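Protein sequences, first through last, are from chains A and B.
Per my numbering, residue -14 is the first one in the first sequence, and the count goes up by one each step.
Per my numbering, residue 218 is the first one in the second sequence, and the count goes up by one each step.
Here's the structure, in structure tokens; my notes come after.
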Amino acid sequence: MTALASNHWLRPWGRGFRDAVMLPAWVVGLSLMGVGTLARDVGYPVEAAILSTILVWAGPSQVLFFASVAAGAAWSAIALAIGFASLRFLPMTVALLPLLRRPGQSVAQQMLIAHFVAVTSWVEALRRLPHLPPEERVPYFLGFANALIVVSSFTTFVGFQLAGVVPAPVAAGLLCLTPIFFLSSMVAGIRGLADAVAIGLGLALAPLAGWAIGGGFDLIASGLVGGSVAFLVQRWRKARKAGA
Amino acid sequence: MTQPIAFLDGPWWPYLALLLFAVLPTEIWRWLAVAFARRLDEQSPWLEWVRLVATSLLAGVVAKLVLAAPGALAGVPLAVRLAALAVAVTIVLLSRSKVMLAVLAGEAVLIGGALWLG
């Protein structure tokens, strides 16, 4: 019975793991390599860099953390900015959990599943899980997410170690991985004018706010203004479409 | 560099700071989702607002990382940093979202530019 049960778990878990290692894990891993480099830059130990990948498991939060510490932002501002940047996990997780709900599932198991929600695992899970029989979904999702985390922990480690030995231009390239990756995936995800406005205003306002406010609250202020303007643009377009 | 909180400082400070100011504010939303999963309206305009604010905030992080660059990146001329971003964005827009290709091209511009001008 136990062997049967473990087989039921292991096989879909392994399939999820393999599907992630085929490509998605390396894309995420590449984006988190720069986190290791950033962590080294602020003098944090390599263990803290890897733990940030395992426990935070959100590239934007990790980058915000190390970049803000480097910039000398207030701790309260760092936590607030990360909290705001991570708010998206609430609706994302809420949307994913019904796909993974099983009879008799404990709160602890739901919390474990929720921890693995990040952009890539979420996008891929929403795409892949509906095609799987419900009893295979949880192990498949865990296998997939575990592969992402294992590969990313490795690349975070590599990013940290490489920063000390490679020539300056390559070290600069490692540090620039994060902004290039973020901007590219944000632009790839644009679904309408509002998204483009939010990105454009964020890029333009953050340096201005940094000069006017500083202390880390500048990012929150520029995000609130840029996001709210983008939201109003979206409302206005919807209202006009409804009226026309 | 943000200084450690004095009475909590010690060899464990980096881990404590990570837990308090990065893990907690990130993880809390995943836990709240478990608690409220059955009671939240996914179509609510508030969630759309939250998504746009987060997008704008992250774009701001990109701008700050490139303009007020950390470490070795500061040694690369600003024009090269901006060119790397511009090339990556152009490729994403032209190639219908091939992010990996865009990142590699942006990196090539940055490292090539740094070697050539540095």
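We put the beta carbon where it would ideally sit given N, CA and C, even for glycine.
Bear in mind the structure is a predicted one, so any value in this text is a computation, not a measurement.
Within the same chain, and ignoring the five residues on either side of glutamate 109 of chain A in sequence, the residues whose Cβ sits closer than 7 Å to its Cβ are Pro9, Phe129.
Contact of phenylalanine 238 of chain B with chain A is assigned, a C-beta pair being separated by under 8 Å. Less than 8 Å divides the Cβ of alanine 215 of chain A from the Cβ of leucine 186 of chain A. Of all residues in the segment 141 to 159 of chain A, only Ala153, Pro154, Val155, Ala156, Ala157, Gly158 come within less than 7 Å of chain B when Cβ atoms are compared, listed by chain position.
Contact with chain B is absent for leucine 127 of chain A, since none of that chain's Cβ atoms lies less than 8 Å from the residue's Cβ.
The straight-line gap separating the alpha-carbon atoms of arginine 0 of chain A and tryptophan 42 of chain A is approximately 22 Å. For leucine 133 of chain A, the three-state secondary structure derived from DSSP is helix. For leucine 275 of chain B, the closest C-alpha among the options A:Gly228, A:Gln219, A:Arg220, A:Gly212 is that of A:Gly212. Its Cα nearest to that of alanine 103 of chain A, the residue A:Ile39 stands out among A:Thr163, A:Ile39, A:Ala194, A:Asp180. With a contact defined as Cβ atoms closer than 8 Å, alanine 271 of chain B and leucine 72 of chain A qualify at about 6 Å. With a threshold of 8 Å between beta carbons, glutamine 95 of chain A makes contact with chain B. In the three-state reduction of the DSSP assignment, alanine 33 of chain A falls in the helix class, which pools H, G and I. In summary, the residues of the segment 159 to 172 of chain A whose CB is separated from some CB of chain B by less than 9 Å are Leu159, Leu160, Cys161, Leu162, Thr163, Pro164, Ile165, Phe166, Phe167, Leu168, Ser169, Ser170, Met171, Val172, in the order they occur in the chain. Restricting attention to B:Leu235, B:Ala250, B:Ile245, the CA atom closest to the CA of tyrosine 29 of chain A is found in B:Leu235. Where valine 172 of chain A is concerned, the enclosing alpha helix (DSSP H) starts and stops at 153 to 173. In this model, methionine 171 of chain A and alanine 250 of chain B are separated by some 24 Å (Cα to Cα). Residue-level contact by beta carbon fails for glycine 227 of chain B and chain A, as no gap is shorter than 8 Å. With its beta carbon less than 8 Å from one in chain A, alanine 331 of chain B belongs to the interface.
Look at leucine 117 of chain A here: in three-state DSSP terms it is coil, with no helix or strand label. Contact residues of the segment 287 to 298 of chain B toward chain A are Pro287, Gly288, Ala289, Leu290, Gly292, Val293, Arg298 (C-beta to C-beta distance below 8 Å).
Proximity of chain B to phenylalanine 69 of chain A at the Cβ level (cut-off 9 Å) is accounted for by Pro242, Val267, Val270, Ala271, Leu274, in chain order. The alpha carbon of proline 294 of chain B has as its nearest neighbour, out of B:Pro262, B:Ile328, B:Thr307, B:Leu310, the alpha carbon of B:Ile328. Membership of isoleucine 198 of chain A in any alpha helix (DSSP H) is not indicated, and neither H nor E is assigned to it by DSSP.
Judged by pairs of C-beta atoms under 8 Å, the segment 156 to 168 of chain A touches the segment 3 to 23 of chain A, as three or more such pairs exist. About 6 Å separates the Cβ atoms of isoleucine 67 of chain A and phenylalanine 50 of chain A, confirming a contact at the 8 Å cut-off. Where arginine 220 of chain A is concerned, the enclosing alpha helix (DSSP H) starts and stops at 202 to 228. Serine 273 of chain B carries a helical assignment under DSSP once its states are collapsed to helix, strand and coil.
DSSP places methionine 96 of chain A in the uninterrupted alpha helix (DSSP H) bounded by 92 to 100.
Taking all protein chains in view, the Cβ of aspartate 226 of chain B is surrounded by fewer than 16 other Cβ atoms within 10 Å, so the residue is classified as exposed. The segment 133 to 147 of chain A makes no contact with the segment 300 to 311 of chain B; the number of CB pairs closer than 8 Å stays below 3.
Interface flag for leucine 311 of chain B against chain A is unset, since no Cβ pair is found closer than 8 Å.
A Cβ of chain B is located within less than 8 Å of the beta carbon of tryptophan 60 of chain A. Annotated three-state conformation of aspartate 226 of chain B is coil, per DSSP. Considering only beta carbons, the part of the segment 63 to 87 of chain A lying closer than 9 Å to chain B consists of Ile63, Ala64, Leu65, Ala66, Ile67, Gly68, Phe69, Ala70, Ser71, Leu72, Arg73, Phe74, Leu75, Pro76, Met77, Thr78, Val79, Ala80, Leu81, Leu82, Pro83, Arg86, in chain order.
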